[in-house]
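Reviewing the structure listed below.
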Amino acid sequence: MRTDLLALGSEALTQLSNAGLYKRAQREFDGGYRPELRVADDGAVHGRYADGVEASLPAGASLREGRCTCGAAGICRHRLALVLAYQSHASAASATPAPPADPSSIDEAALVASLPRAIVEAARRLTARGLVVDVERASAADPIATARLPTATVRFLAGADLAFARCDCALGERCEHVVLAVRAFRLAAERDAGAPRARVELGARDDATAEQWPAVDALVALVVERGVAAGAATHAAALTAAFDEARERRATWLTFALEALQEWLHGFDARSARYRTEDGIALVAELAARTRAASGAGALSRRDVLGVDEPMESELGRTRLVSLGARVQVDGGTRVARVALIDPDTGTRLVVRHESTVAAEAAPGAIERLRVAPGVALGALARGQIVATTLRRRANGELKIGATWGGRLSLTPQNGDWRTLPAAAVIRDLAAWRDAEREAAPGVLRPRHGLADFRVIALDTVRDVAYDPVEQCLTAWCEDAAGNAFALVREHDGAAPGALDALYAALTGADGAPRFVAGPLRRDGAFVRVDPWSVATTTRLCVPDTENATGALAAAPVGRLPRAHDPLASVLHDAALVLAEALHRGLRDAGEGWRERAGGAAAKLDAVGFATLAAGIGAAARGERRAIADHCLRLKSLVERL
Numbered sequence: 001m002r003t004d005l006l007a008l009g010s011e012a013l014t015q016l017s018n019a020g021l022y023k024r025a026q027r028e029f030d031g032g033y034r035p036e037l038r039v040a041d042d043g044a045v046h047g048r049y050a051d052g053v054e055a056s057l058p059a060g061a062s063l064r065e066g067r068c069t070c071g072a073a074g075i076c077r078h079r080l081a082l083v084l085a086y087q088s089h090a091s092a093a094s095a096t097p098a099p100p101a102d103p104s105s106i107d108e109a110a111l112v113a114s115l116p117r118a119i120v121e122a123a124r125r126l127t128a129r130g131l132v133v134d135v136e137r138a139s140a141a142d143p144i145a146t147a148r149l150p151t152a153t154v155r156f157l158a159g160a161d162l163a164f165a166r167c168d169c170a171l172g173e174r175c176e177h178v179v180l181a182v183r184a185f186r187l188a189a190e191r192d193a194g195a196p197r198a199r200v201e202l203g204a205r206d207d208a209t210a211e212q213w214p215a216v217d218a219l220v221a222l223v224v225e226r227g228v229a230a231g232a233a234t235h236a237a238a239l240t241a242a243f244d245e246a247r248e249r250r251a252t253w254l255t256f257a258l259e260a261l262q263e264w265l266h267g268f269d270a271r272s273a274r275y276r277t278e279d280g281i282a283l284v285a286e287l288a289a290r291t292r293a294a295s296g297a298g299a300l301s302r303r304d305v306l307g308v309d310e311p312m313e314s315e316l317g318r319t320r321l322v323s324l325g326a327r328v329q330v331d332g333g334t335r336v337a338r339v340a341l342i343d344p345d346t347g348t349r350l351v352v353r354h355e356s357t358v359a360a361e362a363a364p365g366a367i368e369r370l371r372v373a374p375g376v377a378l379g380a381l382a383r384g385q386i387v388a389t390t391l392r393r394r395a396n397g398e399l400k401i402g403a404t405w406g407g408r409l410s411l412t413p414q415n416g417d418w419r420t421l422p423a424a425a426v427i428r429d430l431a432a433w434r435d436a437e438r439e440a441a442p443g444v445l446r447p448r449h450g451l452a453d454f455r456v457i458a459l460d461t462v463r464d465v466a467y468d469p470v471e472q473c474l475t476a477w478c479e480d481a482a483g484n485a486f487a488l489v490r491e492h493d494g495a496a497p498g499a500l501d502a503l504y505a506a507l508t509g510a511d512g513a514p515r516f517v518a519g520p521l522r523r524d525g526a527f528v529r530v531d532p533w534s535v536a537t538t539t540r541l542c543v544p545d546t547e548n549a550t551g552a553l554a555a556a557p558v559g560r561l562p563r564a565h566d567p568l569a570s571v572l573h574d575a576a577l578v579l580a581e582a583l584h585r586g587l588r589d590a591g592e593g594w595r596e597r598a599g600g601a602a603a604k605l606d607a608v609g610f611a612t613l614a615a616g617i618g619a620a621a622r623g624e625r626r627a628i629a630d631h632c633l634r635l636k637s638l639v640e641r642l
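In terms of the UniProt record's numbering, the sequence shown opens at residue 1 and continues consecutively.
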């Protein structure tokens, strides 16, 4: 029995070909265009169609290595229909087949023997440097076992059959990443064969129990002492030293965190519209957390928390990316556009970031026509999908777009039908997702990513769509498939004058019932709040920031979100204001007024049971300066875990 062919479900066959080709093969098969099937003694499957076309799938070979007389250069509908015919034949002849074997069952000798020596040697070199791999076993929700490596994602479309292991690197298959993925599954099975997910480390654990980060620590201390108000020039020398320290030790995540701190410091000097004082709390907390966690022997290794040896850039192979929406913002004379993309095969999220000069008077449709790459308009990319043979991505998920693509990129529309996205890429139960987030590593220690908080949510109900003219924002209450309520909130932004019109129309069914929403998530008091970058309806994908003004918002009823009171969140919010003020002014220049506010915040924290944080902020109010970074970290952790 060809267990490899039986394991290929609709998702796997779509990934091996493309959605259009697979749908055509399925439609023709259901309509009676089926081959006369013959299975040879060696396991090869042959099929002859009524029109004379013959296709065959040799044992141990992939669909690409199969043969067909139709003359197609790649995988054709005849080979896909041959798989469907074999599955139908096997289903009629026997009981339900066993599920595909886990990749951990692949024998090491067979693995090495199936690949060129150069590939095995490349895997050995990567293992010697060490790497962290996230393993996701096949399940009813997602029947394809997946291994997420630092620079690639490997999908086992037919379980333990290596001929159907696919990678998103330049080679695409039979690469060093497949070797590492199999070994990661094997290691995960040795630890806990029943766990649906696991994080394993290949190679020697990279821990430095007494490692010191004097330059990073000095930078954090200076920011706490002088504050962002002292100006970027005050921090320039310390920032340069910290960058040198992080780069010398090849700490990629730490380097990205320093880049974010640098942008925050310069944002204040430039009076940037994107500058937020409270962002400093997360940045100071992250720098402190990464350097301290890297020096211990906890569950996360030094490689986990610092991103040691994580390549800054890597090359992708032939890749299809589907847009999940876009956001456009203006900062002074600069327009910043970001487009969220997802690989529908692996679920990997990427972001395209493009900056341009704002014209004095933008004509209608100017954002839609904005060029984010040669021949690629923002509107088309934000509502479409691309297929490219050569792409480069940064470790933080930023996709590099340039003129070097030449003719190797195709851009086509999409209709927003995201039902075929990997199960892990779409939230259908917010409560379950939040529970999983609480069990995961703290946010300040996770890999840095440009879309860290970005999610796709399947919508069940949209209600109470309203416009608040005071706050100038559109709001709506939504429910996911499990009945969990959350809020959509989009504020007016002059950079996207048609956004609220388009969003109101999409949420109220003008373009069909809304089915999905995509955008950044954050906790806002007692509820989850989403900033919608897109809404997918039954007929189209609405990307509000790329739409023209239509006046549709005039029909919106006036309303606002209820002010839900969460006592714990309120107390933590007051503490955040105190710490943010300290990072803004600097403790050196914090006056008596700040000390009084800090003392008041400490008393409130103590009253609700946050005694440790209360004692720390209380000490700061009395002049203790050394532990502000600790307080930022503790506050961030409490907010995450509520």
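Glycine included, each C-beta is placed from N, C-alpha and C at the ideal position. Note that this is a predicted model, so its numbers are computed, not measured.
The beta carbons of G60 and A163 sit closer together than 8 Å.
C-alpha of A425 to C-alpha of L324: approximately 11 Å in a straight line.
Annotated three-state conformation of W477 is strand, per DSSP.
Per the DSSP secondary-structure output, V530 pairs in a beta bridge with L488, L521. Buried is the label assigned to R290, since at least 16 other Cβ atoms lie within 10 Å of its Cβ. Secondary-structure assignment with DSSP links D460 through no beta bridge to anything. By the neighbour-count criterion, in which 16 or more other beta carbons inside 10 Å mark a residue as buried, S104 falls on the buried side. Secondary-structure assignment with DSSP links I386 through a beta bridge to L321, L411. Taken through DSSP and simplified to helix, strand or coil, Q212 comes out as coil. If only complete runs of 4 or more residues are kept, the region 184 to 251 shows the alpha helix (DSSP H) at 214 to 226, 232 to 248, in order along the chain. Within the UniProt domain "SWIM-type" (152 to 186), the complete beta strand (DSSP E) segments at least 3 residues long are 153 to 156, 165 to 167, listed from N- to C-terminus.
Ranking C175, T14, A288 by CA distance to the CA of P442 puts A288 first. When only Cα atoms are considered, L306 and R371 end up about 35 Å apart. Per DSSP, the continuous alpha helix (DSSP H) segment holding L306 begins and ends at 302 to 306. The region 25 to 113 is shown to contain whole beta strand (DSSP E) runs of 3 or more residues at 36 to 39, 45 to 48, 54 to 57, in chain order. Between the beta-carbon of T14 and that of T420 there is about 7 Å, and that keeps the pair under the 8 Å contact cut. If you look at S637, you'll find it isn't in any beta strand (DSSP E); it sits in the alpha helix (DSSP H) that goes 628 to 641.
Put simply, the backbone Cα of P520 is about 8 Å away from that of R529. Minimum Cα-Cα distance from P514 among the listed residues H492, P196, E479, V489 corresponds to E479. Taking C-beta atoms as the reference points, I367 and L381 fail to come closer than 8 Å.
By the neighbour-count criterion, in which a residue is buried when 16 or more other Cβ atoms sit within 10 angstroms of its Cβ, S91 is exposed. Taking each of I106, G267, F486 in turn and checking the Cα distance to T461, the smallest one comes out for F486. When the beta-carbon positions are compared, A482 and D429 come within less than 8 Å of each other. Contact between the region 259 to 279 and the region 324 to 335 is present: three or more C-beta pairs spanning the two stretches fall below 8 Å. Considering only H584, A569, E245, E310, the residue with the shortest C-alpha distance to A232 is H584.
Of all alpha-carbon atoms in A440, Y33, V112, the one lying nearest the alpha-carbon of A50 is that of Y33. DSSP places H584 in the uninterrupted alpha helix (DSSP H) bounded by 567 to 585. Taking each of R523, A496, L149, A109 in turn and checking the Cα distance to F454, the smallest one comes out for R523. Residue state for F610 is assigned as coil, using DSSP reduced to three classes. In the DSSP assignment, D501 falls within the alpha helix (DSSP H) that extends over 499 to 507.
In its chain, beyond the 5 residues on either side, R595, A598, G599 have a beta carbon closer than 6 Å to the beta carbon of A621.
DSSP, reduced to helix, strand and coil, places Q15 within a helical segment of the structure shown.
Between R383 and V182, the gap from beta carbon to beta carbon reaches 8 Å or more. Y467 sits in a strand when the DSSP states are folded into three classes. In the three-state reduction of the DSSP assignment, L115 falls in the coil class, being assigned neither a helical nor a strand state. One Cα belongs to C632, the other to A431, and the distance between them is close to 27 Å.
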